[in-house]
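Remarks on the structure that follows.
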Amino acid sequence: MTCGEDGVVLGWDTRTGQAEEKYVLEDGGEAFSCTMGGPSGHLVVAGSKEAVRVWDRRACRAVATMQESFGDAVTSVRFCPQTPRHLLTAGEDGLLCVFDVTAGDWDEDDNLLAVLSADTSIRKFGFYGSEMEGVWCSTNIETLHLFHWREAAEAEGEAAGVERAAAFEDPRGQAARAAQKAGDGLPVDYLMCCVWDPKAQRLELGAGSGRGAFGLFPVDAKKGRIKRPTSVCRGGHTTVVRGMEPLPGDASAVVTGGEDGKVVLWSLSRAGEGDSEPAGPAPKGKTGKRYAPY
Numbered sequence: 000m001t002c003g004e005d006g007v008v009l010g011w012d013t014r015t016g017q018a019e020e021k022y023v024l025e026d027g028g029e030a031f032s033c034t035m036g037g038p039s040g041h042l043v044v045a046g047s048k049e050a051v052r053v054w055d056r057r058a059c060r061a062v063a064t065m066q067e068s069f070g071d072a073v074t075s076v077r078f079c080p081q082t083p084r085h086l087l088t089a090g091e092d093g094l095l096c097v098f099d100v101t102a103g104d105w106d107e108d109d110n111l112l113a114v115l116s117a118d119t120s121i122r123k124f125g126f127y128g129s130e131m132e133g134v135w136c137s138t139n140i141e142t143l144h145l146f147h148w149r150e151a152a153e154a155e156g157e158a159a160g161v162e163r164a165a166a167f168e169d170p171r172g173q174a175a176r177a178a179q180k181a182g183d184g185l186p187v188d189y190l191m192c193c194v195w196d197p198k199a200q201r202l203e204l205g206a207g208s209g210r211g212a213f214g215l216f217p218v219d220a221k222k223g224r225i226k227r228p229t230s231v232c233r234g235g236h237t238t239v240v241r242g243m244e245p246l247p248g249d250a251s252a253v254v255t256g257g258e259d260g261k262v263v264l265w266s267l268s269r270a271g272e273g274d275s276e277p278a279g280p281a282p283k284g285k286t287g288k289r290y291a292p293y
């Protein structure tokens, strides 16, 4: 699924490279984020200015516009991979909203289960935990917040009393100091996002340098610490890395995209085994380990 400034959401067939589905925002506004999911995988959702739009793929029609829960642009929408009836949204009002898309007949009051606040504009969020019961939120002022969203959703209107699992006011500074102590020679100029390592059962924060290197730093929620990097990745990018996603079902590999126009597949080394290198064809002068996904 893709969406853009033209307010159009497209579903693509990756085998043919053709758009097979098309959904359009009625007000012609920009679609900031989109996702596909729901209990039967039949819903398409897009975040726009102060609203979330929902379409039913089976009937190719709009089924809901939710507006009352948002005070600003909704820039990120995601279904929980473990319980796809749960839709989470976040945006510039700093609110993380939890909806049950199976509750009621698309009455927003019935669908809304919980509202959690990061106190400032949310840039990205994602799920973590063995049952995906936690959610991390990174903000535009580079703070990091962890919530037990499922606990909040089950509190039946008492979500305001559910405290954050952790709040990091200076995660970039902590990551920079951790990298310095590790002696990896990795400057930390910006934060990327977080990824969940299911094998090690830990959340890791991605942080990088302006020259394309980045590291994965374990997040210790109980002690409020960002630990020394378990992996440092070099040689794939030459400038800022904007996006990172783990390969489904494989904690040893991630895919990144950068401002240099490159998409790189990484085979991650474990802590103490040295730097990670690109798993695909390495840049000239580098020899990367080849990663075989099958």
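So in the working numbering, the last spot in the sequence shown is 293, and the numbers never skip. Note that CB positions come from ideal geometry on N, CA and C, so glycine has one too.
Check: Presumed contact (8 Å Cβ cut-off) between N139 and S116, rounded CB distance; Outcome: So it is not a contact: roughly 15 Å between Cβ atoms.
Check: R233 versus F213 - alpha carbon distance; Outcome: 7 Å
Check: C-beta atoms of K180 and R224 nearer than 8 Å; Outcome: no
Check: Spatial neighbours of T237 in its chain, beta-carbon cut-off 6 Å, leaving aside the 5 residues before and after; Outcome: G211, D259
Check: Contact belief for G256 with V239 at Cβ below 8 Å, rounded distance in angstroms; Outcome: Not really, about 10 Å apart at Cβ, beyond 8 Å.
Check: Chain-order list of residues whose beta-carbon lies under 6 Å from that of K221 (same chain, five-residue window excluded); Outcome: none
Check: Secondary structure of R171, DSSP reduced to three states; Outcome: helix
Check: Inter-stretch contact at 8 Å, needing at least 3 Cβ pairs: the stretch 120 to 139 / the stretch 184 to 192; Outcome: yes
Check: Same chain, Cβ closer than 7 Å to W105, neighbours up to 5 away in sequence not counted; Outcome: V62, A63
Check: Beta-carbon spacing of T2, S32 below 8 Å; Outcome: In the sequence as displayed, the identity of residue 2 is Cys instead of Thr. The answer is yes: Cβ separation under 8 Å.
Check: Nearest to A199 (by Cα), restricted to the options D183, P217, G207, G205; Outcome: P217
Check: 7 Å Cβ shell around E168 - same chain, five flanking residues per side excluded; Outcome: T142
Check: Coarse secondary structure for K311, derived from DSSP in three states; Outcome: As shown, the chain starts at 0 and ends at 293. That puts residue 311 outside it, with no answer to give.
Check: Secondary structure of D71, DSSP reduced to three states; Outcome: coil
Check: DSSP bridge partner residues for D55 (one or two, in chain order); Outcome: L42, R60
Check: Boundaries of the beta strand (DSSP E) in which R122 is found, first to last residue; Outcome: 121 to 127
Check: Cβ of P245 within 8 Å of any chain D Cβ; Outcome: Judged by its chain identifiers, the structure shown contains no chain D, having just a single protein chain.
Check: Continuous alpha helix (DSSP H) stretch holding D108: start and end; Outcome: 107 to 110
Check: Enclosing beta strand (DSSP E) for E244 [first to last residue]; Outcome: 240 to 246
Check: Supposed close pair D118, D92 - CB separation, criterion 8 Å; Outcome: That pair is no contact at about 11 Å.
Check: C-alpha distance - Q173 paired with L267, whole-angstrom precision; Outcome: 22 Å
Check: N- and C-terminal bounds of the beta strand (DSSP E) containing A206; Outcome: 201 to 207
Check: F98 to D183 span [Cα, whole Å]; Outcome: 42 Å
Check: Boundaries (first-last residue) of the beta strand (DSSP E) holding A252; Outcome: 249 to 257
Check: Proximity winner among T15, L145, E4, Q17, relative to A294 (alpha-carbon distances); Outcome: In the structure as shown, the chain starts at 0 and stops at 293, and residue 294 therefore has no counterpart that could be examined.
Check: Opening and closing residue of the beta strand (DSSP E) in which A151 lies; Outcome: No beta strand (DSSP E) contains A151, which is instead part of the alpha helix (DSSP H) from 148 to 152.
Check: Straight-line Cα distance separating L111 from A152; Outcome: 9 Å
Check: S68 and V134 closer than 8 Å at C-beta; Outcome: no
Check: Proximity to P83 [Cα-Cα], best of R52, L42, G207, K21; Outcome: L42
Check: Residue from T229, A252, A178, Q66 with nearest C-alpha to D108; Outcome: Q66
Check: Own chain residues within Cβ distance below 6 Å of L94, not counting five before or after; Outcome: V114, S116
Check: Cα-Cα separation, G271 to S230; Outcome: Caution is warranted here: a pLDDT of 44 is assigned to G271, below 50, making its placement in the model unreliable, and no coordinate value can be reported.
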